[in-house]
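As structure tokens, the structure follows; a few thoughts come after it.
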Amino acid sequence: MQSTNDTEFYYNPPQYNYTPTFHDQSINRIPSPLYHLQIGPPIQELSSQSTYFSANNSTCDEIDELINERKKRRMISNRESARRSRMRKQKHLNELWAQVNCLRNENHLLLNKLNHVSKSHDQALEENAQLKEETAGLRQIVTSMQLMNGPNYPCLKDLQLDDDEPCSGSSQNE
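Residue numbers (the UniProt record's numbering): 1 to 174.
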């Protein structure tokens with residue numbers, strides 16, 4: 001906010017007590033209550049007032065000039081303030097757009113990572129299902145071999161056929 005030196009000027013016009021006067025001869029013949037009223041000031045008052053008005057006119061011109069100068073300065077100040085405000089808004093808008101672009105890039109990278117992890121997860125699930133099928137098939141083979149060859153192959157009896165035993169393989173490390 002800009003502080004200004006506000007000086008107020010008050011102009012009080014002089015008070016005139018005009019009483020109308022009629023100088024028409026036809027009115028003088030007819031009695032009228034307006035007969036004694038004066039219409040304008042006497043001539044010597046007019047000449048002294050004209051010098052007063054010319055002095056006041058120069059003062060009024062100076063006052064008008066000051067007022068116009070203040071208006072002009074205020075208008076220029078308001079324009080500059082509006083320009084600065086527009087520049088601040090534009091700067092803020094540019095910063096917001098930069099932030100939007102940065103967040104969009106980050107979002108794109110995160111979506112790519114999510115897609116990669118999701119794809120890896122799906123591959124791991126498929127591989128796990130294949131390994132479970134393979135394990136089930138191998139157990140079935142071992143069981144059938146134990147039943148068919150019972151005493152002939154004592155080493156098959158030592159094999160554990162528990163489902164709870166964890167597998168050690170390269171598929172779980174991925």
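We put the beta carbon where it would ideally sit given N, CA and C, even for glycine.
Fair warning: this is a prediction, and the values are worked out from it, not measured in the lab.
Inset, instruction - Measure the alpha-carbon distance for G137 versus H108 and round it to whole angstroms. - result: Their Cα atoms are separated by approximately 43 angstroms.
Legend entry - Whole-angstrom distance between K91 and Y84, CA atom to CA atom: It should be noted that the sequence gives Arg, not Tyr, for residue 84. So the two alpha carbons sit approximately 10 angstroms from each other.
Legend entry - S81 versus L103 - alpha carbon distance: 33 angstroms
Inset, instruction - Check whether the Cβ of G137 lies closer than 7 angstroms to any heavy atom of the ligand HEM, and answer yes or no. - result: This structure lacks the ligand HEM; in fact it carries no ligand of any kind.
Inset, instruction - Can you grab the Cα-Cα spacing for the pair V142 / E134, in whole Å? - result: 12 angstroms
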